[in-house]
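A.B. asks:
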Amino acid sequence: DDYRDGEQKRDFVYIKDTVEVMYHLFANPGITGIYNLGTGLARSWNDIANAIFSAVGKKANIEYIEMPDYLKPKYQYFTEAKMDKIKNAGYDYKFRSLEDSIKDYTLYLDKEERL
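In this note's numbering, the protein residues as written are 11 to 125.
#1: Quick check: the stretch 104–123 against the stretch 48–63, are at least 3 beta-carbon pairs closer than 8 Å?
#2: Measure the Cβ-Cβ separation of W55 and Q86 and say whether it is below 9 Å.
#3: On a Cα-Cα basis, can you pick out the residue from L119, D114, T89, E122 that is closest to D21?
#4: To the nearest angstrom, how far is the alpha carbon of D5 from that of S64?
#5: Within the continuous alpha helix (DSSP H) that includes N98, where are the two ends?
#6: DSSP has Y64 in a bridge; who is on the other side?
#7: Between K92 and K82, what straight-line distance do the alpha-carbon atoms span, to the nearest angstrom?
#8: Using a Cβ-Cβ cut-off of 8 Å (strictly less than) and excluding sequence neighbours within five positions of T116, which residues of its own chain qualify?
#9: Give me the Cα-Cα distance between Y33 and I25, rounded to the nearest whole angstrom.
#10: In whole angstroms, what separates the C-alpha of N38 from that of N71?
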């Protein structure tokens, strides 16, 4: 596929949001089935890298490496969760933004002296 460096997209979801969904399903045992989980909004790898630099107060400095040829035909260049099924099951929690998620996590790492 023809994506510029770092513009491949994924539906990044914060672990705290994942826990909220799991708790909702646990608290509502009548809701069963298999559900997609994501924010429903694909974001680029550049977005995540820039959010990390911003969260730690650094100027963005991204270095790209070439994807190995053997991976190119197997790689998914765009992934975005379809969230209709879980919304129809009554789940209406608003997911954190990518930027807020990364900021929260970097604050945690800083507090734990891991950053």
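Just so it is clear, CB atoms sit at the ideal spot from N, CA and C, and this is done for glycine as well.
C.D. replies: With the given structure in hand:
#1: The stretch 48–63 is in contact with the stretch 104–123.
#2: Against the sequence shown, residue 55 aligns to sequence position 45. Against the sequence shown, residue 86 aligns to sequence position 76. With contacts defined as CB atoms closer than 9 Å, W55 and Q86 fail to qualify as a contacting pair.
#3: Numbered from 1 along the sequence shown, position 11 holds the residue referred to as residue 21. Selected option, being the one with the closest Cα: T89.
#4: In the structure as shown, the chain starts at 11 and stops at 125, and residue 5 therefore has no counterpart that could be examined.
#5: Here residue 98 refers to the residue found at position 88 of the sequence shown. The continuous alpha helix (DSSP H) containing N98 extends over residues 94–98.
#6: Locating residue 64 in the sequence shown gives position 54, where the first residue counts as 1. For the record, residue 64 in the displayed sequence is Ser; it is not Tyr. According to DSSP, residue pairing for S64 in a beta bridge does not occur.
#7: Mapped onto the sequence shown, residue 92 falls at position 82. Mapped onto the sequence shown, residue 82 falls at position 72. Their backbone Cα atoms lie some 24 Å apart in a straight line.
#8: Against the sequence shown, residue 116 aligns to sequence position 106. Answer for T116: I62, A65, V66, L125, listed in chain order.
#9: In the sequence shown, the residue the question calls residue 33 occupies position 23. In the sequence shown, the residue the question calls residue 25 occupies position 15. Between the alpha carbons of Y33 and I25 lies a distance of about 12 Å.
#10: Counting from one through the sequence shown, the residue named residue 38 turns up at place 28. Counting from one through the sequence shown, the residue named residue 71 turns up at place 61. The straight-line gap from Cα to Cα measures roughly 45 Å.
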